[in-house]
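Numbering of the sequence shown is given in our numbering, commencing with residue 4 and proceeding in unit increments.
The block underneath contains the structure these notes are about, expressed in structure tokens.
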Amino acid sequence: MKKQILALAISTICITSSQAQAFSTRIIGGQTAQPSAYPWVVSLRDSQNQQFCGASLVAANWVMTAAHCVEGGSNDNISAVVGDFDLQASDQGEQRQKIERVVIYPKRSADNNDYDIALLKLSKPVGNSAVVAATGSLMEGLSNGTPFTAMGWGNRSTTGEDFPNQLHQVRVPLIERGQCNEYYEGDITENMICAGLEQGGKDSCQGDSGGPLVYQKDGQWHQVGIVSWGEGCAQPRSPGVYARVASFSDWITEVTTGNGSGTEGGDSGNDSGSDGNNDGDTDSEGPDTEVDQDFGLPEWLDFYAYDAQAVEETLEFVNTTDATVSIPDISIDQAAFSLVENGCSGTIPSGESCDLQLQYTPSDIVDEDMAIMQLSVSNGALIDVELYGENLTAVEEGDDSDGDLWDWFSSDADWQAEEEKNAFVLNCWDIQEGETSHLETEFQGPGILEFNFSLPEESAANRLVYLVDDKVVRTLKGGEKSNGKHRTELSDGKHRIRWIYQKKSASTGQAKVGNVTFLPRASESGQANVGATDPAATSANGGGAGAGGPLMLLSLLGMGLLRRLKRSH
């Protein structure tokens with residue numbers, strides 16, 4: 004029986020017989036997510052404060068969910084908890100808002116499962132970062148088997164009821180549309196995508212409806228699907244079916260920006276890219292920014308320059324008030340930092356945002372610079388953002404002319420290599436409280452980067468942060484160990500990879516980054532990077548086989564490329 008995925012029906016929503024035949028959504032075969040890893044995930048609550056569906060934050064004051072979650076109901080009885088993790092606790096960073104407006108895709112009919120998407124306007128904007136809605140161009144680059152992540156608070160059992168209080172996640176591969184239509188006898192439209200295993204065992208389930216199916220690229224999460232329907236939960240040859248977000252990208256933009264009525268939309272859902280449909284484990288919180296202030300601005304922002312070259316960072320100002328505001332004055336008290344582009348020079352309506360582009364040019368006489376940027380807002384608010392810049396200079400050059408070596412950098416506290424374990428270890432007791440230590444390198448994509456990292460025997464106040472191209476991907480707090488290998492797909496081009504240890508309290512433990520591997524893939528030009536391995540010839544344990552060359556194991560000692568950088572204060 005086909006089922007869609009509500010855990011609890013909202014008391015004011017009537018479920019028709021035609022709707023009931025479509026209900027099934029779930030997290031089966033997954034694991035508990037990390038707290039604060041997904042600041043854009045949303046739980047929808049009814050008038051009794053019971054979670055009944057998932058959703059995702061796609062703009063400061065808009066969340067996206069499945070249409071079947073909100074059909075026939077009143078928005079007066081729905082609230083959204085943005086950044087939720089534990090349904091029975093108040094989580095750090097979560098924000099609860101009432102729903103002001105429900106917008107269902109105009110072609111949606113409750114008589115079938117197609118066009119299963121709705122946008123809900125929050126009563127007030129929130130400062131949480133939003134997930135990026137997938138576009139047709141992104142989907143063109145995806146193929147059968149591409150790993151996705153689904154998440155929610157849905158049933159964990161295929162034989163009974165086991166609804167968790169804490170957010171769960173599961174990795175499921177993309178299944179191309181032709182194959183999925185064989186499973187579902189032609190019911191899969193161009194506005195749907197499928198993900199799961201042919202043998203079953205991993206899936207979303209009742210209670211996960213409306214939640215996000217996401218794909219991570221270069222450290223950025225893109226939402227590719229919305230949990231919609233399926234045949235049972237985690238059954239063989241019955242993968243989960245999701246609303247295809249890219250089919251509605253234009254409509255999402257129109258509704259969330261207010262530039263259109265939203266009566267028509269989508270990128271037509273007919274782009275010819277593969278996305279597996281050609282019929283044929285973050286935490287957003289890290290040492291770089293700490294978003295606790297009004298208007299979504301961080302308390303501080305870090306800049307890291309190489310060899311005295313200027314670098315730029317962008318700050319987003321979000322008007323979280325009910326009135327239009329402006330920023331008549333912006334000042335920075337140190338010449339090493341400058342405002343190079345002011346996207347906030349005009350008025351900023353409620354719920355809208357704008358960008359400030361900042362540049363750091365290292366001073367000639369010092370390796371570290373600090374400044375205070377102050378924003379004077381028309382409503383009387385004065386917002387200070389601390390700017391910190393550090394010039395990183397390599398002390399030895401590595402030979403990467405063949406493309407098979409990378410320069411590794413570490414701070415004065417020296418991350419040490421454990422060659423036998425392909426691991427890098429930092430003795431945290433060598434770091435002073437209030438200081439940070441870096442381990443970083445660059446990779447030439449496209450390819451897959453995998454590693455393990457941990458921060459055992461540590462105070463919960465200390466953190467180990469993983470960043471790709473200066474974007475925080477995942478944060479471990481003291482005492483945490485990542486579950487299995489962390490996997491990041493890197494696109495074509497050069498990418499800066501960093502692990503930053505930040506110490507706020509006493510420690511007797513070690514920070515570890517281990518089993519670092521990089522599997523290059525053929526570039527868009529069709530030429531494979533040096534050391535590329537044919538994925539089909541790679542064994543299950545990561546070992547290489549075949550003429551493509553071995554999987555690269557990046558060991559500091561093995562390459563002799565240990566670098567030093569100053570420790571930031």
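Cβ coordinates follow ideal geometry from the N, Cα and C atoms, glycine included.
Bear in mind that the values here come from a model prediction, so they are computed numbers and not experimental data.
Can you tell which of the options has its C-alpha closest to the C-alpha of residue i?
i      : options                           : result
Ser82  : Asp94, Phe88, Phe55 and Ser93     : Phe55
Thr260 : Cys72, Leu122 and Gly392          : Leu122
Leu522 : Gly448, Phe456 and Asn455         : Gly448
Gln219 : Arg499, Gly204 and Arg174         : Arg174
Glu438 : Glu393, Phe454 and Glu445         : Glu393
Phe340 : Gly214, Phe88, Cys357 and Ala308  : Ala308
Tyr363 : Pro215, Ser126, Leu304 and Trp156 : Leu304
Cys236 : His441, Gly157, Glu445 and Glu143 : Gly157
Ser140 : Ser440, Ala249, Asp332 and Arg501 : Ala249
Ile500 : Val516, Val471, Ser510 and Arg524 : Val471
Gln226 : Gly213, Trp232 and Gln238         : Gly213
Glu389 : Leu318, Gly130, Glu97 and Ile434  : Leu318
Pro38  : Asp49, Ser93 and Glu74            : Ser93
Ile255 : Ala311, Leu200, Ile196 and Val135 : Val135
Ala463 : Asp119, Gln505 and Thr444         : Gln505
Ser46  : Ala514, Thr444 and Leu60          : Leu60
Glu492 : Ser348, Val476, Glu201 and Ile503 : Val476
Phe166 : Gly354, Gln91 and Val85           : Gln91
Val314 : Gln337, Phe298, Gln360 and Ser146 : Gln360
Looking at the structure shown, is residue i part of a helix, part of a strand, or coil, going by DSSP?
i      : result
Val227 : strand
Ser50  : coil
Gln95  : coil
Gly450 : strand
Glu103 : strand
Ala121 : strand
Trp432 : helix
Val248 : helix
Cys72  : helix
Phe298 : helix
Lys110 : coil
Gly233 : strand
Lys205 : coil
Ala326 : coil
Cys357 : strand
Ser287 : Residue placement at Ser287 is poorly supported in this model, since its pLDDT is 33, which falls under 50; the coordinates still yield a value, given next. If DSSP states are grouped into helix, strand and coil, Ser287 belongs with coil.
Leu90  : coil
Note the first and the last residue of the continuous beta strand (DSSP E) segment covering residue i.
i      : result
Trp502 : His489 to Gln505
Glu371 : Glu371 to Ser379
Glu315 : Val314 to Val321
Gln337 : Counting along the chain, Gln337 falls outside any beta strand (DSSP E), and DSSP gives it neither H nor E.
Arg240 : No beta strand (DSSP E) holds Arg240; DSSP gives it neither H nor E.
Val516 : Gln513 to Pro523
Gln37  : From DSSP, Gln37 is part of no beta strand (DSSP E); its letter is neither H nor E.
Ser82  : Ser82 to Val85
Lys474 : Lys474 to Lys480
Pro352 : Run containing Pro352: none; DSSP gives neither H nor E here.
Pro215 : Pro215 to Lys220
Could you check if residue i is buried or exposed, using at least 16 other CB atoms within 10 Å of its CB as the buried criterion?
i      : result
Asn52  : exposed
Pro459 : exposed
Val343 : exposed
Asn382 : exposed
Ala426 : buried
Asn64  : buried
Thr574 : With the chain running from 4 to 572 in the structure shown, residue 574 is simply not present.
Asn345 : exposed
Glu316 : buried
Ala198 : buried
Leu216 : buried
Ala40  : buried
Leu2   : Since the first residue of the chain shown is 4 and the last is 572, residue 2 is not available in this structure.
Trp432 : exposed
Pro538 : Residue confidence for Pro538 is low, a pLDDT of 28 falling below 50, so the modelled location carries little weight and cannot support an answer.
Ala133 : buried
Gln100 : buried
Pro365 : buried
Gln182 : buried
Asn116 : buried
Ends of the alpha helix (DSSP H) at residue i?
i      : result
Ser77  : No alpha helix (DSSP H) holds Ser77; DSSP gives it neither H nor E.
Trp418 : That residue, Trp418, is in no alpha helix (DSSP H); it is neither H nor E in DSSP.
Ser366 : Here Ser366 belongs to no alpha helix (DSSP H), and DSSP marks it neither H nor E.
Thr256 : Ser252 to Thr260
Exercise. Which ranges does the alpha helix (DSSP H) cover as unbroken runs of at least 4 residues, wholly within the segment 123-202, from first to last along the chain?
Worked result: 139-143 and 180-186
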